[in-house]
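J.:
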Amino acid sequence: MSVTPARAIVAFTLGTIFFAYAFIQRVSPSVMTSELMRDFSVGGAALGSLSAFYFYTYASIQLPVGMLTDHFGPRKLMGGAAALCALASVAFGLSDSILTASVGRALIGGTVAFGFVGTMAIAVYWFKPSQYAMLAGLLQAVGMSGAIFGQAPLRHLVEGMGWRGTMYLLAVIALVLAVLVFTLVPQRSREQKKTGAKPHILGGLKAVAKNFQTWICAIIGFGMAATMLGFGGLWGVPWLSTVKGYSTIQAAGITSMVFVGWACLSPFLGWLSDRLQRRNLILQAGAVISLLSLISIIHFTPESTATLMALIFLCGAGGSAMTVCFSSVKELNSLNYSSTSLGLMNMCIVGSGAVMQPLIGWLLDLNWDNTLIDGARIYSGNAYVTALSSLIVVNLAALIASFMLRETHCRQIG
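Residue 289 in the working numbering is what sits at position 298 of the sequence shown, and the numbering runs on without skipping anything.
1) Alpha carbon to alpha carbon, how far is Val384 from Leu323? Give it in angstroms, no decimals.
2) What does a CB cutoff of less than 6 Å around Ala169 pick up in its chain, not counting 5 residues either side in sequence?
3) Could you tell me if Lys321 is buried or exposed, where buried requires 16 or more neighbouring beta carbons within 10 angstroms of its beta carbon?
4) Counting only runs of 4+ residues fully inside the stretch 54 to 110, write out the alpha helix (DSSP H) ranges in chain order.
5) Using three-state DSSP, classify Ile245 as helix, strand or coil.
6) Would you report the Cα separation of Phe14 and Met135, rounded to the nearest angstrom?
7) In this structure, how does DSSP classify Ile404 when only helix, strand and coil are distinguished?
8) In terms of DSSP beta bridges, what is Ile391 paired with?
9) Which residues mark the beginning and the end of the alpha helix (DSSP H) in which Glu26 is found?
10) Tell me which same chain residues have a C-beta within less than 6 Å of the C-beta of Val315, skipping the five on either side of it?
11) Give the DSSP-derived three-state secondary structure of Leu396 in the structure shown.
12) Under DSSP, the alpha helix (DSSP H) around Trp230 begins and ends at which residues?
13) Leu357 to Gly156, Cα distance in whole Å?
14) Output needed for Thr246: all residues of its chain with C-beta closer than 8 Å, excluding positions within five of it in sequence on either side, in chain order.
15) Mapping the DSSP letters down to three states, classify Ile364 as helix, strand or coil.
16) List the endpoints of the continuous alpha helix (DSSP H) containing Tyr161.
17) Considering only residues of the same chain and omitting the five flanking positions on each side of Ile404, which have a CB-CB separation below 8 Å?
18) Could you tell me the distance, in whole angstroms, from the CA atom of Gly6 to the CA atom of Val376?
19) Please list, in chain order, all residues of the same chain as Ile113 whose beta carbon is under 6 Å from its beta carbon, the five residues on each side excluded.
20) Pair every Cβ in the stretch 44 to 51 with every Cβ in the stretch 95 to 107, then say whether three or more of these pairs are closer than 8 Å.
21) So, is Glu294 buried or exposed, given that buried needs 16 or more other C-beta atoms within 10 angstroms?
22) For Thr205, which of helix, strand or coil comes out of DSSP?
23) Taking only the alpha-carbon atoms, compute the straight-line gap between Ala217 and Met395 and give it to the nearest angstrom.
24) Trp353 by DSSP, collapsed to three states: which one?
25) What residue range does the alpha helix (DSSP H) around Ser409 cover?
26) Using alpha carbons as the reference points, say which of Ser(-7), Ser381, Gly34 and Gly128 lies closest to Leu220.
27) Look at Pro436 and Leu390 and say whether their C-beta atoms are less than 8 Å apart.
28) Which residues in the same chain have their Cβ closer than 8 Å to the Cβ of Leu27, if we skip the five residues on either side of it in sequence?
29) Gly109 and Thr174 - do their beta-carbons sit closer together than 8 Å?
30) Classify Ser(-7): buried if its beta carbon has 16 or more other beta carbons within 10 angstroms, exposed otherwise.
31) For Thr239, count neighbouring C-beta atoms within 10 Å of its own C-beta (all shown protein chains included) and say buried if the count is 16 or more, exposed if not.
32) Using 8 Å as the threshold, is the C-beta distance between Gly106 and Phe9 below it?
33) Given a cut-off of 8 Å, decide if Asn386 and Leu267 are closer than it, judged by their beta-carbon atoms.
34) So, helix, strand or coil for Glu294, using DSSP?
35) Output the distance between the C-alpha atoms of Gly101 and Ile52, rounded to the nearest integer angstrom.
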């Protein structure tokens, strides 16, 4: 069937909304920390693990999601995933233990994992190839807007409706998205079945995994995304509210600057990298900016709120250079395996949230002084400095790795 430009735009818009919704779900525990620790009677390590269950499923199924999207198309998978996400959100809201909440959180991560791949499939099927990079940058920016909404605005909902009521509202939104996707996203014009696709995919995965440069890209992406996912995604809000004296809503607004910086700079840095025909320079500059900002935030926290917000913005802006890794890993591997290399890269990036969120929580518990308020653990400033410094370590590792990465000069050399 022929798809008009208007319908293609509508389909892509729905995909970007689904991707933004995924980010709302991703960061939502950061504005529910006290309530979740109180209701489930857990500490930081358990809360970090609960939040990270989203990333466990999201990251682990990236490659299968790509294969399924190639076979079934984005409409069926995105629509079905959104509907299942509604059920998963209800399950999370009904949870009466950390175990059932973890299952609900894992199901949420597994269902929203279809958003990014499905939306980029829409871009492939119904937009010009010359528009692909621009649409990818736009998708990232809209995704960050979801993360921003998942901070202070979502906290307002939590305070007004409770965390369970907020999850039920998110379930309704997912259900509406499912209906819209099934109604408005077109079917593919033709099936793209490839003979022997399975051996090709497995062979591609082996080739990509054997390439040392793939793992250099993965280390860079992991380290630079860790601040956005570990600090912005969970622990920034409780640190600012319990140690620095901000209200939870104020802390959420300040923390959201990491997502604002990411959203503002990621499309520009991708364009600049193409313009300069340099990948490594952008990655190195971004890693330095992110690292210096992070050190200032954690170890030399400014008294001025405006200065603190500016530093967190810079941290996100520097970290957003990580998106250049997607271009590097594609160019450093065979073009025949581009989807495999991108899927593996995305798995490692999202995996940083799965590792860093519980790691920070474990470090907080390790340094806890037994303070409790309303049944929730309260951590000292020194405990947070120790725990959040783990982000500095992985960011430094990313900077070091960026000097080990082969420069492609924007050419396909794999």
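Every residue gets a Cβ at the ideal spot worked out from N, C-alpha and C, and that includes glycine.
T.: Taking the coordinates as given:
1) Looking at the backbone, the Cα of Leu323 and that of Val384 are separated by about 26 Å.
2) Hits under 6 Å: Gly70, Ala73 and Ala74.
3) Using a 10 angstroms sphere on the CB of Lys321, the tally of other CB atoms reaches 16 or more, which defines it as buried.
4) Within the stretch 54 to 110, the complete alpha helix (DSSP H) runs of at least 4 residues are 65 to 84 and 89 to 103.
5) Three-state result, Ile245: helix.
6) CA-to-CA, the gap between Phe14 and Met135 works out to about 7 Å.
7) If DSSP states are grouped into helix, strand and coil, Ile404 belongs with coil.
8) None, per the DSSP bridge assignment.
9) Residues Thr24 to Phe31.
10) Cβ-Cβ distances below 6 Å link Val315 to Ser264, Arg270, Ile273 and Leu274 in the same chain, with the five nearest sequence neighbours on each side left out; the list follows chain order.
11) Correct three-state label for Leu396: coil.
12) Element bounds for Trp230: Gly227 to Thr233.
13) Going by the C-alpha atoms only, they are around 32 Å apart.
14) If we look at Thr246 and ignore the five residues flanking it on each side, its Cβ neighbours are Ser21, Gln142, Phe222, Gly223, Gly227, Val228, Leu231 and Ile303.
15) Looking at Ile364 - three-state DSSP - the assignment turns out to be strand.
16) The question names Tyr, but residue 161 is Leu in the sequence shown. Taken as a continuous stretch (DSSP letters only), the alpha helix (DSSP H) holding Leu161 covers Ala143 to Leu175.
17) The residues Glu322, Leu323 and Arg397, in chain order, have a CB closer than 8 Å to that of Ile404 in the same chain once the five nearest residues on each side in sequence are set aside.
18) Distance between the alpha carbons of Gly6 and Val376 is about 38 Å.
19) Non-local C-beta neighbours of Ile113 in its own chain, meaning closer than 6 Å and more than five positions away in sequence, comprise Ala2, Phe3, Gly6 and Pro65, ordered along the chain.
20) Contact holds: three or more Cβ-Cβ distances are below 8 Å.
21) So Glu294 counts as exposed.
22) DSSP places Thr205 in helix when its eight states are reduced to three.
23) C-alpha of Ala217 to C-alpha of Met395: approximately 20 Å in a straight line.
24) Look at Trp353 here: in three-state DSSP terms it is helix.
25) Outside the shown range of the chain, which is -8 to 405, sits residue 409, and nothing can be said about it.
26) Checking every option, the nearest Cα to that of Leu220 belongs to Ser381.
27) A question about residue 436 goes unanswered here, because the residues of the chain that appear run from -8 up to 405.
28) Contacts found: Pro20, Val33, Leu38, Leu41, Ala92 and Trp154.
29) The beta carbons of Thr174 and Gly109 sit no closer together than 8 Å.
30) By the neighbour-count rule (16 or more Cβ atoms within 10 Å), Ser(-7) is not buried but exposed.
31) By the 10 Å Cβ count, Thr239 comes out buried.
32) Taking 8 Å as the cut-off, the Cβ atoms of Gly106 and Phe9 count as close.
33) The answer is no: Cβ separation not under 8 Å.
34) The answer is coil: DSSP assigns Glu294 none of H, G, I, E or B.
35) The straight-line gap from Cα to Cα measures roughly 7 Å.
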